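> There's a structure below that I have some questions on.
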Amino acid sequence: MKKNEISILGSGLIGSLLSIYLKRRGLDVNVYEKRPDNRKGQYQEEGRSINMALSDRGWNALEKAGLKEKVLPLTIPMYGRKIHDEHGKTSFIPYGKEGQAIYSISRGRFTHLLIDEAEKLGVKHNFGHRIEEVDLRSNELLVADPEGNKEKISSNVIIGSDGAYSALRNAMLKQVRFDFKQEYITHGYKELSIPATAEGEFAMDPNALHIWPRGSFMLIALPNPDKSFTCTLFLPFEGERVSFENIRDEKDVAGIFETYFDDAYQIMPKLKEQYFNNPTSALINIECYPWMLKSALLIGDASHAMVPFYGQGMNCGFEDCFILDELIEKFGTNAWELVFAKFQKKRKKDTDAICQLALENFEEMKNSVADPKFQIRKKIEAKLHSLYPKDWVPLYTMVTFSNMPYSEAFAQGKLQEKIMDKVMSSPLISQNWDKLDYEDILYQMDKAKAV
795 MKKNEISILG
805 SGLIGSLLSI
815 YLKRRGLDVN
825 VYEKRPDNRK
835 GQYQEEGRSI
845 NMALSDRGWN
855 ALEKAGLKEK
865 VLPLTIPMYG
875 RKIHDEHGKT
885 SFIPYGKEGQ
895 AIYSISRGRF
905 THLLIDEAEK
915 LGVKHNFGHR
925 IEEVDLRSNE
935 LLVADPEGNK
945 EKISSNVIIG
955 SDGAYSALRN
965 AMLKQVRFDF
975 KQEYITHGYK
985 ELSIPATAEG
995 EFAMDPNALH
1005 IWPRGSFMLI
1015 ALPNPDKSFT
1025 CTLFLPFEGE
1035 RVSFENIRDE
1045 KDVAGIFETY
1055 FDDAYQIMPK
1065 LKEQYFNNPT
1075 SALINIECYP
1085 WMLKSALLIG
1095 DASHAMVPFY
1105 GQGMNCGFED
1115 CFILDELIEK
1125 FGTNAWELVF
1135 AKFQKKRKKD
1145 TDAICQLALE
1155 NFEEMKNSVA
1165 DPKFQIRKKI
1175 EAKLHSLYPK
1185 DWVPLYTMVT
1195 FSNMPYSEAF
1205 AQGKLQEKIM
1215 DKVMSSPLIS
1225 QNWDKLDYED
1235 ILYQMDKAKA
1245 V
């Protein structure tokens, strides 16, 4: 029987970064990935967004791994949301202060870079190897290779970074007192694209995340280095007039896009072909506990899959790697049960918080951002932050442009939400927002904190 020191299940973004961290600690690392190695071919992962949005937590983890300078050239900064109304007019809402941005990056190119860097360090990758069974009593894996041959592998440590449908989590589900909750939201998504113009330029502003909010549905677009945009259409599966079940042919696709996303439709020459060739995928939220059993651990989406509406799934998973590495540094590589126990205790409340925020932000993105009062609300919060940078930090800034624990940001954000709801209840707020008594708003916040 083969004996491994560390077995990582899944060579996606989180598993690849984690393999780099562990190899840099001098550990022997084997990665098992059910998909083939597609670095030599055109990258395409069925049903998955090709674009990610890197923010401070992700950059922090990459910098610790010595990878920031290698990743940066693959990214495009997005300084805010560009909102498209139904008449094609746009408005811009900055994400943070001037110069603050989230960074669009291709999932495929990013994953390939991390796998390449891991291999340079000596991480062993086993592509096309499916995990058939995990025996948690003996820490053994039953693995099928690309030809279907099966082998038992014993491992000192097993880490499941194999996503929302984790093989390791499925094994843990069979244990006593394992809490598990999965929830599919009513909406699904489909990948589309906007190509570069005939002149080889971007068809829209490349330094923004574009949103077409339409109440119960929306379209978003993120820029790529090849001057294209990756678009994601979010629609209800059923039960609404505009839903996936009601789009049956090319005429239906054209009708929906001409009616609701006409400015995008005019620059999407392959829309109909892409719509029917690309899969419609579901969105899932997963919570479970415990994340560990002896020397086996769940990490990233395997332990806390979230919907993509705060752009934090990857960043949260990278922060998992960063925090786990800190604990290994503190307690060493001979105390895995202690490290894993400390990790889940420290991390669970934070991942619960960001999962909830991601669900709530869906409502904001598809509905609220189109409301002029929402844009005024954001201006008031930005003014408060500029006047009192330490005392009033907008929730989005706490989540995206800091490393504050998600649970603290969540609690602080709820307090600020109550204060802002009162401020926005004024019938004349649209005319008088810039004449507000900002010092009084801060006083109300301090009072709320004291309660």
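Each step along the sequence shown adds one to the number in the numbering used here, with nothing skipped, and position 259 is 1053.
Positions of the beta carbon are idealized from the N, C-alpha and C atoms, including for glycine.
As the structure is a computational prediction, the values presented were derived from the model and not from experiment.
(1) Just to confirm the assignment: which complete alpha helix (DSSP H) runs, minimum length 4, are found wholly within the segment 884–932?
(2) Look at the alpha carbon of I1005 and the alpha carbon of K876, and state the distance between them as a whole number of angstroms.
(3) Answer with buried or exposed for S801, where buried requires no fewer than 16 other C-beta atoms within 10 angstroms of its C-beta.
(4) Drop a sphere of 10 angstroms on the beta-carbon of G1049, count the other beta-carbons inside from all chains shown, and report buried for 16 or more, exposed for fewer.
(5) Per DSSP, what kind of secondary structure is Y837 in: helix, strand or coil?
(6) Alpha carbon to alpha carbon, how far is A895 from Q1138?
(7) Where I870 and A990 are concerned, what is the direct C-alpha to C-alpha distance, given to the nearest angstrom?
(8) At which residues does the beta strand (DSSP E) containing D973 begin and terminate?
(9) Report the residue from R829, L1121, I1117 and G860 whose alpha carbon sits nearest the alpha carbon of N1197.
(10) What first and last residue would you give for the beta strand (DSSP E) that runs through R875?
(11) According to the neighbour-count rule (16 or more other Cβ atoms, all chains shown, within 10 Å of its Cβ), is M1239 buried or exposed?
(12) Identify the continuous alpha helix (DSSP H) that holds Y815 and give its terminal residues.
(13) Between I979, K797 and W1085, which has its C-alpha nearest F972's C-alpha?
(14) Expressed to the nearest angstrom, what Euclidean distance is found between the alpha-carbon atoms of W1130 and M1100?
(15) Which residues mark the beginning and the end of the beta strand (DSSP E) in which Y1083 is found?
(16) In whole angstroms, give me the CA-to-CA distance for Y837 and L1029.
(17) How big is the Cα-Cα spacing for G841 and P1073?
(18) For a test of the three-state rule: what should DSSP assign to W853, helix, strand or coil?
(19) Under three-state DSSP, which class holds P1166?
(20) In chain order, what residues of the same chain have a beta carbon less than 7 Å from the beta carbon of L1153, not counting five sequence neighbours either side?
(21) Return the CA-CA distance between W1186 and K1208, expressed in angstroms with no decimal places.
(22) Hey, S948 and S932 are a contact pair by Cβ (cut 8 Å); roughly how many whole angstroms apart?
(23) So the candidates are D1215, V1193 and K1216; which of them puts its Cα closest to the Cα of A1205?
(24) In angstroms with no decimal places, state the Cα-to-Cα distance between F1051 and R851.
(25) Three or more C-beta pairs under 8 Å: does that hold for the segment 858–874 against the segment 903–914?
(26) What residue range is occupied by the uninterrupted alpha helix (DSSP H) comprising M1239?
(27) Going by alpha carbons, who is nearest to A769 out of S1022, A1015 and H1098?
(28) Short check: CB of K1172 to CB of I887, under 8 Å?
(29) Pick from E1120, D1146 and N1155: whose alpha carbon is nearest that of F1103?
(30) Would you list the one or two residues that DSSP bridges to A1015?
(31) Does DSSP put Y1200 in a helix, in a strand, or in coil?
(32) To the nearest angstrom, how far is it from the Cα of I808 to the Cα of G942?
(33) Give every residue of the same chain whose Cβ lies closer than 7 Å to the Cβ of M1218, excluding the five residues on either side of it in the sequence, and list them in chain order.
(34) Measuring only the C-alpha atoms, how far is G916 from G890?
(35) What does S1010 pair with, by DSSP beta-bridge criteria?
(36) Taking the continuous alpha helix (DSSP H) assigned at K1143, which residues delimit it?
Let's see:
(1) 901–915
(2) As a first step, residue 1005 must be located in the sequence shown, where it is residue number 211. As a first step, residue 876 must be located in the sequence shown, where it is residue number 82. Approximately 6 Å, taken between the alpha carbons.
(3) Looking up residue 801 in the sequence shown gives position 7. With 16 or more Cβ atoms within 10 Å of its Cβ, S801 is classed as buried.
(4) Start at 1 with the first residue of the sequence shown, and residue 1049 comes out as number 255. That one is exposed.
(5) On the sequence shown, position 43 is the one that residue 837 refers to. Confidence at Y837 is low in this model, with a pLDDT of 49, below 50, so the placement of that residue should be treated as unreliable; the coordinate-derived value is given next. Y837 falls in the coil class under three-state DSSP.
(6) As a first step, residue 895 is located in the sequence shown; it is residue number 101 there, counting from the start. As a first step, residue 1138 is located in the sequence shown; it is residue number 344 there, counting from the start. Approximately 30 Å, taken between the alpha carbons.
(7) One-based indexing of the sequence shown puts residue 870 at position 76. One-based indexing of the sequence shown puts residue 990 at position 196. I870 and A990: Cα-Cα distance of roughly 15 Å.
(8) Position 179 of the sequence shown, counting from 1, holds the residue named residue 973. Counting along the chain, the beta strand (DSSP E) containing D973 begins and ends at D973 to I988.
(9) Residue mapping note: residue 1197 aligns to position 403 of the sequence shown, counting from 1. Nearest C-alpha to N1197: I1117.
(10) What you label residue 875 is simply residue 81 of the sequence shown in a count that begins at 1. Where R875 is concerned, the enclosing beta strand (DSSP E) stretches over G874 to H878.
(11) What you label residue 1239 is simply residue 445 of the sequence shown in a count that begins at 1. The residue in question, M1239, is buried, as its Cβ has 16 or more Cβ neighbours within 10 Å.
(12) Here residue 815 refers to the residue found at position 21 when the sequence shown is read from its first residue. It spans L807 to R818 - the alpha helix (DSSP H) in which Y815 sits, taken as one unbroken run.
(13) Indexing the sequence shown from 1 puts residue 972 at position 178. Measuring from the Cα of F972, the nearest candidate turns out to be W1085.
(14) Numbered from its first residue, the sequence shown carries residue 1130 at position 336. Numbered from its first residue, the sequence shown carries residue 1100 at position 306. Approximately 26 Å between the Cα atoms of the pair.
(15) What you label residue 1083 is simply residue 289 of the sequence shown in a count that begins at 1. It spans S1075 to Y1083 - the beta strand (DSSP E) in which Y1083 sits, taken as one unbroken run.
(16) Residue 837 sits at position 43 when you count from the first residue of the sequence shown. Residue 1029 sits at position 235 when you count from the first residue of the sequence shown. Model confidence at Y837 stands at a pLDDT of 49, short of 50, so the residue's coordinates are unreliable; what they give is reported in the following sentence. The alpha-carbon atoms of Y837 and L1029 are separated by roughly 25 Å.
(17) The residue given as residue 841 occupies position 47 in the sequence shown. The residue given as residue 1073 occupies position 279 in the sequence shown. Confidence in G841 is poor, its pLDDT being 41 and thus under 50, which makes the residue's placement too unreliable to answer from.
(18) Looking up residue 853 in the sequence shown gives position 59. W853 falls in the helix class under three-state DSSP.
(19) Translated into positions along the sequence shown, residue 1166 becomes position 372. Correct three-state label for P1166: helix.
(20) Here residue 1153 is taken as the residue at index 359 of the sequence shown, counted from 1. Around L1153: N1079 and V1101.
(21) What you label residue 1186 is simply residue 392 of the sequence shown in a count that begins at 1. What you label residue 1208 is simply residue 414 of the sequence shown in a count that begins at 1. Distance between the alpha carbons of W1186 and K1208: 13 Å.
(22) Working through the sequence shown from its first residue, we reach residue 948 at position 154. Working through the sequence shown from its first residue, we reach residue 932 at position 138. That pair is a contact at about 7 Å.
(23) In the sequence shown, the residue the question calls residue 1205 occupies position 411. Ranking the options by Cα distance to A1205, first place goes to V1193.
(24) Working through the sequence shown from its first residue, we reach residue 1051 at position 257. Working through the sequence shown from its first residue, we reach residue 851 at position 57. Answer to the nearest angstrom: the Cα atoms are 35 Å apart.
(25) yes
(26) Indexing the sequence shown from 1 puts residue 1239 at position 445. That run of the alpha helix (DSSP H) goes Y1232 to A1244.
(27) In the structure as shown, the chain starts at 795 and stops at 1245, and residue 769 therefore has no counterpart that could be examined.
(28) For the purposes of this step, residue 1172 is identified with residue 378 of the sequence shown, where counting begins at 1. For the purposes of this step, residue 887 is identified with residue 93 of the sequence shown, where counting begins at 1. Contact flag set, yes.
(29) Counting from 1 along the sequence shown, the entry for residue 1103 is found at position 309. Checked all of E1120, D1146 and N1155; the closest Cα to F1103 is N1155.
(30) Here residue 1015 refers to the residue found at position 221 of the sequence shown. Bridge partners of A1015: H1004 and C1025.
(31) In the sequence shown, the residue the question calls residue 1200 occupies position 406. Of the three classes helix, strand and coil, the one that applies to Y1200 here is helix, per DSSP.
(32) Looking up residue 808 in the sequence shown gives position 14. Looking up residue 942 in the sequence shown gives position 148. Distance between the alpha carbons of I808 and G942 is about 26 Å.
(33) The count along the sequence shown starts at 1 and reaches residue 1218 at position 424. K1167 and R1171.
(34) The residue labelled residue 916 in the question sits at position 122 within the sequence shown. The residue labelled residue 890 in the question sits at position 96 within the sequence shown. Straight-line Cα distance between these residues: approximately 40 Å.
(35) Indexing the sequence shown from 1 puts residue 1010 at position 216. Beta-bridge pairing links S1010 to no other residue.
(36) Taking the sequence shown and counting its residues from 1, one reaches residue 1143 at position 349. Taken as a continuous stretch (DSSP letters only), the alpha helix (DSSP H) holding K1143 covers W1130 to K1160.
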